[in-house]
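Visitor: Sending over a structure as structure tokens; questions will come in a sec.
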Amino acid sequence: MTVLIAAGWRPRTGTGVDAAEWVRALLAGGPERGAVLRAGDIPRAQLAVMAGRVVEAVSGRRATWSRWNLHSQACVELAEFRFATAADREEVLGEVVAAAERASVDITAPRLAPVPAGFTRSDGSSVFEARHAALYTSAAVLAAEDYLLARLHDQTGPRAAGRMDAGSGAGELLVDGAGLGADQVMAVEQVAGSGRPVDVLIGPAGAGKTTTLAGLRRLWEGEHGPGSVVGLAPSAATAAVLGAELGIGTDNLAKWLAELEAAPAKRARLASLRTRAAEHAAAAAAAAGAIAAVSADLARWELREGQLVIVDEASLAGTFALARLARAGEVAGAKVLLVGDPLQLAAVEAGGAFSMAAHALGAGAPRLRTVHRFEASWEAEASLLLRLGRPDVVDTYTAHGRVHSGTEAGVIDEAYQAWQADLAAGLSSLLIAGDNETVTMLNQRAQRERIAAGTVTGPMLPLAGGSSVGAGDVIVTRRNERALRAGAGSWVKNGDRWHVLAARVDGSLLVQREGGGPHVTLPGHYVAEHVELGYASTAHRAQGVTVDTAHALVVSAGMAREALYVGMSRGRCSNHVYVATLTISDEEHHARPDDQLTAREVLETVLRSSGAAASAHEAITTSQEAASSIGHLADEYDLIAAAATGARWQELIEAAPLSPAQREAVLASPAWEALSASLRRAARAGTDLERVLPALITGRELDSADDVAAVLHHRLEAFQASAPARRDPAHLVAGLFPAAALTGEGELDEALAERERLIEARARHIAARARAAGHAWAQHDDAAAVTAMVTVAAYRDRWAIDPGDPRPLGGPPGADYTQRADHARAARALRRIHDHPGTGRGLLRSPSAPARARRSGWPVPVTRPRGGALGGGRVRVGQELSGVWERNEVMGLSVIEAILARRLSTGAQISVLETVAEAALIEPGPRGIRLDTVPRIVIDLDGEDWS
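For the sequence shown, the working numbering assigns the number 18 to the initial residue and increments by one for each residue that follows.
Listed below in structure tokens is the structure:
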């Protein structure tokens, strides 16, 4: 090999080939691509070209990125090049990544407080941040998002004037036999009359988006004429379903954009044909057919003035694609309507645009609120809470027998068996897994059982990925192929499901689309590369599908909330989740029962984890919010305070009953900083560490500990968590946690003081936000109440309580001592708010309580009262609730709900429950509201018209 390489070098040296030109040819894929490179062989200009390609590739897949995303793509760029040494490759790789970082736009939040010298690394970065934690985007992404936002706030777009006839006061309009509810009528009128050139329609799963769009189509075509509504979707299969349901022309978004880009060339060809026909009379007749064909093709794909372009499942559409469509709409004078749910799965390319648009319009965004899909009313309400990631909803699903748990192998088998039973009963059913590996395993199991039963027969044809397919199998096609016709106006699409009628020895399949239709032959090359078994499904493929039952697997707590929501909202009759609390890996390593998570803990972890793609604009906001959050600032404060008092804790360890080796190990341990912070907090809480620490050391053996510092940290935290409450220190930051003692070191004291100032300012800001959002605990002006409100706000921000959570302190605190201590102080502040003069009845008599329920995220379905319960008069429930409350030490929520169910509509029930919870100012847990834990209050709910 060396001789061959040298033979390639000799001619260049003899002819005096320019090195820079040679490298450019090499990088362009020239004849020297197999040559060996040294780091210095590549000119800086060429490195910049490669870096540009890296940024372009990464920005096509995500709206924001990190250094590691650039690093990964740079490895792809350099994969085909050979380097003399690994060091040469690493040097070039580093240069390309650095150039890509320079070519990106840094949107990392700026630091708000000075970093003391002892808290910086050798490269000048802060130890408070992970290495290479910078967040980037590109000018192209920001420009595309800015354009979409500008079109959202414009009001010069086409409209469809007039109102929908709700008819006979019933709040319904028949569209092809289906009734539109009040929220659907309102959404249609908002979209039709907004004048926004780019608009959104938001609806949770099962809210009747298709029925709403049918009403919108009727209204729009009444103004702009037949054919003035067209539909697009990220996938051809979704577009086909939309077209069939609305009776409009539809196609894949990518195809439409490709045809729009090709329009100038088509117009040029049309002009050429017309010119030729005019100049040569003999050719006119022959050209007429071509002119008609090109004209028809242009008309099919071009947008027209006044047209409404519906983009279904818009959360799955990329930002660049939506911006290009919006520009085409602007040129034509058309309106683009983005339809979907920002809380479902997002695009696999640079996305987040739909979520950005929804948030930009805020409360003014047209949205659907009532869920129609589910047979059980409780499931409609629960699905909305699941969508928002509210952990308490796990109890609801558990109570109705929808949560199943066990080992990974056990729950996979249970889900599979339940799915098979539903199919055997004649139900349509989905088996949904969170990863491709599990889907493949389930597909192969389903096929094996069908082969054993004789319903799948050979010959078995090989598929990509190691599976095979035979007659009788169910398959999914994974590539759009317009040349493979499947009846009039139809063709083979990515995501279509088919029944295999015959498998042929030439590798082809004779198939029929699920649900019937003409027979189609899939050629061997297509089968080998673009066909998969179609029994089980990923959540992405299931989005947009409705069936009788759904069975969703959660084999990892790493699943995103959006995937769980999609999996648990496909079934009309029922949706079940199967949770692995002990994975196959755990079983192999003989994990102890104590190490297992419960199904609730796994699901709560999933619900806290959002996988939604954020736009660059939203990422900027999120980054700045995180940098200014009390959680972030308090962590920095603790580390600085621990370092400032480090000498004291070191002395404490030196005097402790540890061996010399153990002392040395503690001070050198990675857990030393955490132990120091814990010692500081304990000292500030009044703990006698000179007595307690030796007792913790000698109470149980330490010789077997891998990390003595980590064990001591755990023991001290556990001790503090179980210790009786002590009087708070005189100085609490934002009323929440003890301030650090001054060290006498100017730089450290200044850093601590600046963070205290930022924390208290942030707490006041969060309290003001809560007030504006209508949270009951934040509606006070007296100085003492405001001080307590700031403490509650500080707690919420430090422990990342969802701003939409109406519970003042969120859920119960975890086992972490620091959180428990903070929770206790915040709870005392909450009682001070409650006990303050003017609180109590006034808190409950606010005329905006139903609106608070809606703003705070509780689902408020628009439903009629059961059995005409309103009876024509105002509903008065306060006396009945008060009577029950006065007779019981604990009024469980089941009692409250039973009363409300007899008297109120579902939406009003939820509004009252929220108000009761706010009145108690504690979480209404399973036992209900204990009267002996809160001041007795008189609840006068009758001041509200809850009907």
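Note that CB positions come from ideal geometry on N, CA and C, so glycine has one too.
Between the Cα of G266 and those of R284, K283, P243, A130, spot the shortest distance and give me the residue it belongs to.
Guide: Position 249 of the sequence shown holds residue 266. Measuring from the Cα of G266, the nearest candidate turns out to be P243.
Visitor: Starting from the C-beta of T125, find all residues in its chain whose C-beta is less than 6 Å away, skip the five residues before and the five after it, and write them out in chain order.
Guide: Reading the sequence shown from its first residue, position 108 is the one you call residue 125. Closer than 6 Å at Cβ, skipping near neighbours: A151, L152.
Visitor: Assuming L614 contacts T598 under a Cβ cut-off of 8 Å, what Cβ separation, rounded to an integer in Å, is found between them?
Guide: Numbered from its first residue, the sequence shown carries residue 614 at position 597. Numbered from its first residue, the sequence shown carries residue 598 at position 581. The Cβ separation is near 6 Å, so the contact holds.
Visitor: What does the Cβ neighbour count give for G135, buried or exposed, with the cut at 16 atoms within 10 Å?
Guide: Position 118 of the sequence shown holds residue 135. Answer is exposed; the Cβ neighbour count stays below 16.
Visitor: Leaving out the 5 sequence neighbours to the left and right, which residues in its chain are closer than 7 Å to E764 when beta-carbon positions are compared?
Guide: Counted from its first residue, the sequence shown places residue 764 at position 747. P133, A134.
Visitor: According to DSSP, which residues form a beta bridge with F100?
Guide: For the purposes of this step, residue 100 is identified with residue 83 of the sequence shown, where counting begins at 1. In DSSP, F100 forms a bridge with L54.
Visitor: Suppose you measure from the CA of A660 to the CA of P131; what does that come to, to the nearest Å?
Guide: Here residue 660 refers to the residue found at position 643 when the sequence shown is read from its first residue. Here residue 131 refers to the residue found at position 114 when the sequence shown is read from its first residue. Distance between the alpha carbons of A660 and P131 is about 16 Å.
Visitor: Where does the unbroken beta strand (DSSP E) through V217 begin, and where does it stop?
Guide: For this step, residue 217 is matched to residue 200 along the sequence shown. Looking at the DSSP string, the run of the beta strand (DSSP E) that includes V217 is 215–219.
Visitor: Give a yes or no on contact between the region 537–555 and the region 485–495, applying the rule of three or more CB pairs nearer than 8 Å.
Guide: Enough Cβ pairs lie closer than 8 Å, so yes.
Visitor: In or out: P825 buried (at least 16 other Cβ within 10 Å) or exposed?
Guide: Start at 1 with the first residue of the sequence shown, and residue 825 comes out as number 808. P825 should be labelled buried.
Visitor: Helix, strand or coil for I657 per DSSP?
Guide: In the sequence shown, counting from the first residue as 1, residue 657 sits at position 640. The answer is helix: DSSP assigns I657 an H, G or I state.
Visitor: Taking only the alpha-carbon atoms, compute the straight-line gap between S143 and R128 and give it to the nearest angstrom.
Guide: On the sequence shown, residue 143 is found 126 positions in, with the first residue counted as 1. On the sequence shown, residue 128 is found 111 positions in, with the first residue counted as 1. Between S143 and R128, the C-alpha separation is close to 10 Å.
Visitor: Classify A310: buried if its beta carbon has 16 or more other beta carbons within 10 angstroms, exposed otherwise.
Guide: Taking the sequence shown and counting its residues from 1, one reaches residue 310 at position 293. By the 10 Å Cβ count, A310 comes out exposed.
Visitor: Measure the beta-carbon distance from L290 to A307 and round it to whole angstroms, keeping in mind my assumption that it falls under 8 Å.
Guide: Sequence index remark: in the sequence shown, residue 290 carries index 273 (1-based). Sequence index remark: in the sequence shown, residue 307 carries index 290 (1-based). L290 to A307, Cβ: 5 Å. Contact.
Visitor: Pick out the complete beta strand (DSSP E) segments inside the region 310–372, 3 residues or longer, and give them in chain order.
Guide: As far as the region 310–372 is concerned, its whole beta strand (DSSP E) runs of at least 3 residues are 325–328, 352–357.
Visitor: Grab me the residues of S640's own chain with a C-beta within less than 7 Å of its C-beta, minus the 5 sequence neighbours each way, in chain order.
Guide: By 1-based counting over the sequence shown, the position of residue 640 is 623. Hits under 7 Å: I124, T125, A126, L152.
Visitor: Rounded to whole angstroms, what is the Cα-Cα separation between Q434 and L218?
Guide: Here residue 434 is taken as the residue at index 417 of the sequence shown, counted from 1. Here residue 218 is taken as the residue at index 201 of the sequence shown, counted from 1. C-alpha separation (whole angstroms): 38 Å.
Visitor: Go through its chain and collect everything with a Cβ distance to W82's Cβ below 7 Å, but skip five positions before and after it.
Guide: Position 65 of the sequence shown, counted from the first residue, corresponds to residue 82. Hits under 7 Å: V75, Y153.
Visitor: Exposed or buried, which one is S554 when buried takes at least 16 other CB atoms within 10 Å?
Guide: Along the sequence shown, one-based indexing puts residue 554 at 537. Buried, since its Cβ has 16 or more Cβ neighbours within 10 Å.
Visitor: Helix, strand or coil for T86, going by three-state DSSP, please let me know.
Guide: For the purposes of this step, residue 86 is taken as the residue at position 69 of the sequence shown. One point to set straight first is that residue 86 is Asn, not Thr, in the sequence displayed. Correct three-state label for N86: helix.
Visitor: Short of 7 Å in beta carbon distance, which residues of its chain neighbour R119, apart from the five on each side in sequence? Order them along the chain.
Guide: The sequence position of residue 119 within the sequence shown is 102, counting from 1. Nothing listed; no residue qualifies.
Visitor: Roughly how many angstroms lie between the CA atoms of S632 and M203, to the nearest whole one?
Guide: Translated into positions along the sequence shown, residue 632 becomes position 615. Translated into positions along the sequence shown, residue 203 becomes position 186. In a straight line, the C-alpha of S632 is about 28 Å away from that of M203.
Visitor: Residue range of the alpha helix (DSSP H) that A500 falls in?
Guide: Within the sequence shown, residue 500 is the residue found at index 483, counting from 1. Counting along the chain, A500 falls outside any alpha helix (DSSP H), though it belongs to the beta strand (DSSP E) covering 498–502.
Visitor: From the DSSP output, read off the bridge partner residues of T154.
Guide: One-based indexing of the sequence shown puts residue 154 at position 137. T154 is bridged to V122.
Visitor: Counting pairs of beta carbons, one from the region 511–528 and one from the region 319–339, are three or more of them closer than 8 Å?
Guide: Segments in contact, no.
Visitor: Report the residue from G350, A305, G335, L333 whose alpha carbon sits nearest the alpha carbon of L320.
Guide: The sequence position of residue 320 within the sequence shown is 303, counting from 1. For L320, the nearest C-alpha among the options comes from G350.
Visitor: Give the straight-line distance between the Cα atoms of P175 and V246, rounded to the nearest whole angstrom.
Guide: Indexing the sequence shown from 1 puts residue 175 at position 158. Indexing the sequence shown from 1 puts residue 246 at position 229. P175 and V246: Cα-Cα distance of roughly 12 Å.
Visitor: Going by Cα to Cα distance, which pick from L733, A224, L447 is closest to A397?
Guide: For this step, residue 397 is matched to residue 380 along the sequence shown. If we check each option's Cα against that of A397, A224 comes out closest.
Visitor: How should Q679 be labelled, buried or exposed, when 16 other C-beta atoms within 10 angstroms of its C-beta is the threshold for buried?
Guide: Stepping through the sequence shown from its first residue, residue 679 is reached at position 662. Burial call: buried.
Visitor: Suppose contacts are defined by Cβ-Cβ distances below 7 Å. Is V53 in contact with R106 by that definition?
Guide: By 1-based counting over the sequence shown, the position of residue 53 is 36. By 1-based counting over the sequence shown, the position of residue 106 is 89. Cβ atoms of V53 and R106: not closer than 7 Å.
Visitor: Just the Cα atoms here: how many angstroms apart are G423 and A250?
Guide: Along the sequence shown, one-based indexing puts residue 423 at 406. Along the sequence shown, one-based indexing puts residue 250 at 233. Those two C-alpha atoms are separated by around 38 Å.
Visitor: Classify P281 as buried or exposed, calling it buried when 16 or more other Cβ atoms lie within 10 Å of its own Cβ.
Guide: As a first step, residue 281 is located in the sequence shown; it is residue number 264 there, counting from the start. By the neighbour-count rule (16 or more Cβ atoms within 10 Å), P281 is not buried but exposed.
Visitor: Classify E549 as helix, strand or coil using the three-state DSSP reduction.
Guide: Counting from 1 along the sequence shown, the entry for residue 549 is found at position 532. Reduced to three states, the DSSP call for E549 is strand.
Visitor: In whole angstroms, what is the alpha-carbon distance linking A363 and A334?
Guide: Here the question's residue 363 lines up with position 346 in the sequence shown. Here the question's residue 334 lines up with position 317 in the sequence shown. So the two alpha carbons sit approximately 8 Å from each other.
Visitor: Quick one, which of H797, I657, L550 has its alpha-carbon nearest G512's?
Guide: Indexing the sequence shown from 1 puts residue 512 at position 495. Comparing Cα positions, the closest option is L550.
Visitor: Whole-angstrom Cβ separation of D268 and L385, contact assumed at under 8 Å?
Guide: Here residue 268 refers to the residue found at position 251 of the sequence shown. Here residue 385 refers to the residue found at position 368 of the sequence shown. That belief does not hold up - the Cβ atoms of D268 and L385 are roughly 25 Å apart, past 8 Å.
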